[in-house]
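Student: This is the structure, below, for whatever I ask next.
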Amino acid sequence: MHRYHTSRSCTSCFATSGQSRKAIAVISAGRRHCSEPATSLPVAGMSQTIEEDADAYRLDAQLMSDLWIFRAAARHESITAAARRLGVTQGAVSQRVLRLEARLATPLFVRNKSRITLTEAGISLMGAMSDVAMILNDAVSRIHHQQRGAIVVSCFPSLATEWLVPHLEDFYSENPGIEIFVRSELFPSTVERMEDEGIDISIDYSPHPIAELQELASLQEFIFPVCSRDYLDRLGADAELPIVLLHDDVPWIGGASGDEWNAWRRGAATRWPESPASERHFNLAHLAYHAALCSQGIAIGRSVVVNRLIERGELVAALDRPPVPGPTFRLLTHRPGDAQSPQRRFALWWEKSMQRTQRATLDLIAARR
């Protein structure tokens, strides 16, 4: 029943929207441009041609399906990549694209050896399909929010584990009726991924902004070396103790092992430690923190993420230096909604709560120096 209602809503939205009329116009124009003039045919043939022309761009189930597959091929600029993304065979995608081109009587792609590129008609149709996809996603999202009051939040695993999940009860108490579905994952924040996977909010951690998404809130993080109390005591007792650096090998999307340590060194104007004895590598920051908890070495702490570990005394600052500005947490969306939308209410709570946590950590570090 739910799938049926969603389908009816989407079809209605497509059939009545200005963007859908734009898509119809593009298809119709392609037919008129590429077909023989109807006036060159006998009257009976003319009537048949007009009916066939109308059928070519009537929004039936087959056309809707072929348009969606065309959109995937256009976005990936590859039949093979589109097939992989859709979970079908390459031949299936090729056949559907060819069927659409035959129906419209105009080529939509220029085929090259390594990639496909859109023709002029293809560019026009892709623009219309992008508009329609956005309208459909917005409509489905609104229905979902109305029914459940839920938003899907994609978040870096370390922030999700060490901060977001422990603080969710605070959000629920301040915002009854809004449900948060947390996805802990390391993927790029893009409009395409958020649309395709139904993600409302993506929390990004990076030195660089993301232009294609709207930023609802942000917080520049402060970073500093952290270790266990036992490891720090051993360093104090033995100046020759070998120092082991603990690395998050993916500190942000596009980042590499050592990037966060180098960011701290630049901010602190130091090369410490100049000759670490060894290095250990992890693909998540909180794994590096837990290695530090086990006195295996020194990691780069993020003030918000390590807050609970610092408060409990499980981790301490490894040096008597103030934390330095690091990359920025950004709360991103492709459909922000109005001032009272769940996305904006979550963004307002998130920013204030993150600021409080960061202040608490920085105050603790300053008091213990």
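So the sequence shown is residues 1 to 369, counted in full-length UniProt numbering.
We put the CB at the ideal spot given by N, CA and C, even for glycine.
Determine which residues share a DSSP beta bridge with Phe317 and list them.
Tutor: Before going on, a small fix: residue 317 reads as Ala here, not Phe. According to DSSP, Ala317 bridges with Val226.
Student: Below 8 angstroms between beta carbons: does that hold for Met129 and Arg71?
Tutor: Going by C-beta atoms, Met129 is nearer than 8 angstroms to Arg71.
Student: Could you check whether Phe222 and Gln355 sit closer than 8 angstroms to each other, using their CB atoms as the reference points?
Tutor: No. Outside cutoff.
Student: Could you tell me the distance, in whole angstroms, from the CA atom of Gly254 to the CA atom of Arg58?
Tutor: Roughly 44 angstroms separates the two Cα atoms.
Student: Relative to the C-alpha of Ser124, which candidate in Leu136, Lys113, Phe109 has its C-alpha closest?
Tutor: Checking every option, the nearest Cα to that of Ser124 belongs to Phe109.
Student: Taking the alpha-carbon of Leu86 as reference, which of Leu63, Glu197, Ser114, Glu179 has the nearest alpha-carbon?
Tutor: Nearest of Leu63, Glu197, Ser114, Glu179 to Leu86, Cα basis: Glu197.
Student: Thinking Ala291 and Arg280 are a contact (beta carbons under 8 angstroms), I'd like their distance in whole angstroms, please.
Tutor: Yes, they are in contact, since the Cβ atoms of Ala291 and Arg280 sit about 6 angstroms apart, within 8 angstroms.
Student: Identify which residue in Val182, Ala74, Ser275 has its Cα closest to the Cα of Pro166.
Tutor: Looking at the Cα atoms, Val182 is the closest of the given residues.
Student: Where does Ser47 land, buried or exposed, given buried means 16+ other C-beta within 10 angstroms?
Tutor: Because the pLDDT at Ser47 is just 47, under 50, the model does not fix this residue reliably, and the value given afterwards should be weighed accordingly. Flag for Ser47 reads exposed.
Student: List the endpoints of the continuous beta strand (DSSP E) containing Pro323.
Tutor: Unbroken run through Pro323: none, as it is neither H nor E.
Student: Locate the alpha helix (DSSP H) running through Val93, then write down its first and last residues.
Tutor: 90-104 is the span of the alpha helix (DSSP H), which, as asked, contains Val93.
Student: By alpha-carbon positions, which one of Glu215, Asp363, Glu101, Thr117 ends up nearest to Thr333?
Tutor: Answer by Cα proximity: Glu215.
Student: Which of the three DSSP states, helix, strand or coil, is assigned to His286?
Tutor: Helix.
Student: Using beta-carbon positions only, say whether Pro327 and Ser158 come within less than 8 angstroms of one another.
Tutor: Not closer than 8 angstroms, so no.
Student: Could you name the residues of the same chain whose beta carbon sits closer than 6 angstroms to that of Leu235, not counting the 5 residues immediately before and after it, in chain order?
Tutor: The residues are Leu241.
Student: Quick one: what does DSSP say Val43 is sitting in, helix, strand or coil?
Tutor: Legend: pLDDT at Val43 = 39, less than 50; position of this residue unreliable, value from coordinates given subsequently. Three-state DSSP puts Val43 in a helix.
Student: According to the Cβ coordinates, are Leu331 and Ile298 closer than 8 angstroms?
Tutor: The answer is no: Cβ separation not under 8 angstroms.
Student: Going along the chain, which residues of its own chain have a beta-carbon closer than 8 angstroms to the beta-carbon of Ala150, five neighbours each way excluded?
Tutor: Correct list, in chain order: His144, Ile178, Glu179, Ile180, Phe181, Pro342.
Student: Just the C-alpha distance for Ser78 and Ile199, rounded to the nearest angstrom, thanks.
Tutor: If you take the alpha carbons of Ser78 and Ile199, they lie about 25 angstroms apart.
Student: For Pro276, which residues in the same chain have their Cβ closer than 7 angstroms to its Cβ, ignoring the five residues on either side in sequence?
Tutor: Contacts found: Ile243, Val244, Leu245.
Student: Tell me which residues share the same chain as Ala74 and place their Cβ nearer than 7 angstroms to its Cβ, disregarding the 5 neighbours each side in the sequence.
Tutor: Closer than 7 angstroms at the Cβ level, and outside the excluded window around Ala74, lie Leu118, Gly122, Met126.
Student: For the stretch 117-199, list the alpha helix (DSSP H) runs that are entirely contained and at least 4 residues long, ordered along the chain.
Tutor: If we require 4 residues or more, the alpha helix (DSSP H) runs fully inside the stretch 117-199 come out as 120-148, 165-174, 191-197.
Student: Would Thr361 be called buried (16 or more neighbouring beta carbons within 10 Å of its own) or exposed?
Tutor: Counting Cβ neighbours within 10 Å, Thr361 comes out buried, since at least 16 surround it.
Student: Roughly how many angstroms separate the alpha carbons of Leu104 and Thr89, rounded to a whole number?
Tutor: The alpha-carbon atoms of Leu104 and Thr89 are separated by roughly 23 angstroms.
Student: Please report the residue range of the beta strand (DSSP E) in which Gly267 lies.
Tutor: No beta strand (DSSP E) contains Gly267, which is instead part of the alpha helix (DSSP H) from 259-268.
Student: What residues match up with Ile298 in a beta bridge as DSSP calls it?
Tutor: According to DSSP, Ile298 bridges with Leu245.
Student: Should Glu162 be labelled buried (16 or more other beta-carbon atoms within 10 Å of its own) or exposed?
Tutor: With 16 or more other Cβ atoms within 10 Å, it is buried.
Student: Which stretch, first to last residue, makes up the beta strand (DSSP E) that contains Ile201?
Tutor: Segment 201-206, the beta strand (DSSP E) holding Ile201.
Student: Can you check which of these residues, Val305, Arg96, Glu101, Glu185, is closest to Pro225 by C-alpha distance?
Tutor: That would be Val305, whose Cα lies nearest to the Cα of Pro225.
Student: Under 8 angstroms, do Ala318 and Arg368 count as touching if we go by C-beta distance?
Tutor: No, they are not a contact pair.
Student: Spatial neighbours of Asp230 within its chain, please: C-beta separation below 7 angstroms, excluding the five flanking residues on both sides.
Tutor: Result list for Asp230: Ser295, in chain order.
Student: Taking the C-alpha atoms as reference points, what is the distance between Gly30 and Leu284?
Tutor: Residue confidence for Gly30 is low, a pLDDT of 42 falling below 50, so the modelled location carries little weight and cannot support an answer.
Student: Can the beta-carbon of Leu186 be found closer than 8 angstroms to that of Val250?
Tutor: Their beta carbons are under 8 angstroms apart, which means Leu186 touches Val250 by this criterion.
Student: Check the DSSP bridge columns for Val110 and list the partner residues they point to.
Tutor: According to DSSP, which records beta bridges pairwise, Val110 is partnered with Thr117.
Student: Please classify His76 as buried or exposed, where buried requires at least 16 other C-beta atoms within 10 Å of its C-beta.
Tutor: Buried, by the Cβ-count rule.
Student: Thinking C-alpha only, which one of Met134, Ile116, Gly313, Leu164 is nearest Ser228?
Tutor: Measuring from the Cα of Ser228, the nearest candidate turns out to be Gly313.
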